[in-house]
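K.L.:
Sharing a structure, written as structure tokens. Questions coming.
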Amino acid sequence: MNKIMYLEFERCIGCRACQAACRECGDHDAKERNYVEYVDFAESRQTFPMLCMQCKDPACARVCPANAIQITEEGVVLSAMEEKCIGCRNCTFGCPFGIPKFDFETNKMYKCDMCYDRTRDDIPPMCASVCPSEAIRFIDFDEMQQLRRRRTQMNLVEGKKPQEGNKWDYVPEFFGVYTDSQ
Numbered sequence: 001m002n003k004i005m006y007l008e009f010e011r012c013i014g015c016r017a018c019q020a021a022c023r024e025c026g027d028h029d030a031k032e033r034n035y036v037e038y039v040d041f042a043e044s045r046q047t048f049p050m051l052c053m054q055c056k057d058p059a060c061a062r063v064c065p066a067n068a069i070q071i072t073e074e075g076v077v078l079s080a081m082e083e084k085c086i087g088c089r090n091c092t093f094g095c096p097f098g099i100p101k102f103d104f105e106t107n108k109m110y111k112c113d114m115c116y117d118r119t120r121d122d123i124p125p126m127c128a129s130v131c132p133s134e135a136i137r138f139i140d141f142d143e144m145q146q147l148r149r150r151r152t153q154m155n156l157v158e159g160k161k162p163q164e165g166n167k168w169d170y171v172p173e174f175f176g177v178y179t180d181s182q
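When we follow the UniProt record's numbering, the leftmost residue of the sequence shown carries the number 1, and every step to the right adds one.
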């Protein structure tokens with residue numbers, strides 16, 4: 001996998017095309033594995049896409065007593081393996097982003113796995129392939145570095161500084177995530 005996910009939350013227009021595309025992806029059983037959340041529903045209609053952040057040391061995998069959540073060579077954190085998952089839901093409680101969901105009908109955990117069947121061949125995940133505002137992108141590492149530099153320069157001009165000691169520290173380098181607060 002030569003490309004990476006890049007998110008710019010403030011670009012999200014709330015169309016939910018990413019969720020619709022996710023439902024159509026491979027073995028997703030017509031369930032979306034990404035979400036569109038409101039920044040602060042009481043104050044604004046601003047939304048942002050939430051997909052698995054593919055953590056460096058994923059809490060969901062760490063707390064799984066059955067070792068059902070596997071991590072690929074590229075660092076992609078996959079959904080729980082159906083034959084190993086015991087339905088304890090530790091993963092849903094352990095994730096700092098609230099990404100894994102549990103389907104009580106099938107007794108199965110599911111989450112975004114970056115459409116690994118596509119991304120391992122450098123094909124964009126479904127969500128990135130349909131996002132009209134480019135809030136979700138599947139890009140080269142060099143392009144991400146350029147975007148990071150540009151954003152850092154903009155933040156310096158605008159007087160913003162990164163927040164330290166928060167949940168975004170879990171996000172690996174190959175997954176670029178940027179918000180107005182960074």
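C-beta atoms are modelled at their ideal positions from N, C-alpha and C, and glycine is treated no differently.
(1) So what does DSSP say about Leu78, is it helix, strand or coil?
(2) Alpha carbon to alpha carbon, what distance is there between Asn34 and Arg17?
(3) What separation, rounded to the nearest whole angstrom, lies between the Cα atoms of Ala135 and Cys15?
(4) Pairs of beta-carbons, one from the region 82-102 and one from the region 57-69, closer than 8 Å: are there three or more?
(5) Helix or strand or just coil, what does DSSP make of Leu51?
(6) Using DSSP's beta-bridge definition, name the partner residues of Met147.
(7) So, using beta-carbon positions, are Val36 and Gln54 closer together than 8 Å?
(8) Going by DSSP in three states, Asp140 sits in which element: helix, strand or coil?
(9) Which of helix, strand or coil does DSSP assign to Lys161?
(10) Less than 8 Å between the C-beta atoms of Cys52 and Val77, yes or no?
(11) Met50 to Lys3, Cα distance in whole Å?
(12) Could you check where the beta strand (DSSP E) with Met109 kicks off and where it finishes?
(13) What does a CB cutoff of less than 6 Å around Cys95 pick up in its chain, not counting 5 residues either side in sequence?
(14) Tell me whether Val39 sits in a helix, a strand or coil according to DSSP, three-state version.
(15) Could you give the distance in angstroms between the alpha-carbon of Phe97 and the alpha-carbon of Leu7?
(16) Classify Glu32 as buried or exposed, calling it buried when 16 or more other Cβ atoms lie within 10 Å of its own Cβ.
(17) Quick check: what's the CA-CA separation for Asp103 versus Met109?
(18) Using only the alpha-carbon positions, how far apart do Ala128 and Arg137 sit?
P.N.:
The relevant details are as follows:
(1) strand
(2) The sequence shown places Ala at residue 17, not Arg. When rounded, the distance between both Cα atoms is 11 Å.
(3) 11 Å
(4) yes
(5) coil
(6) According to the sequence displayed, residue 147 carries Leu and not Met. As DSSP reads the structure, Leu147 sits in no beta bridge.
(7) no
(8) strand
(9) In this predicted model, Lys161 has a pLDDT of only 48, less than 50, meaning its place in the structure is not dependable enough to derive any value.
(10) yes
(11) 19 Å
(12) That run of the beta strand (DSSP E) goes Lys108 to Tyr110.
(13) Ala59 and Cys60
(14) coil
(15) Distance from the CA atom of Phe97 to the CA atom of Leu7, rounded to whole angstroms, is 15 Å.
(16) buried
(17) 6 Å
(18) 5 Å
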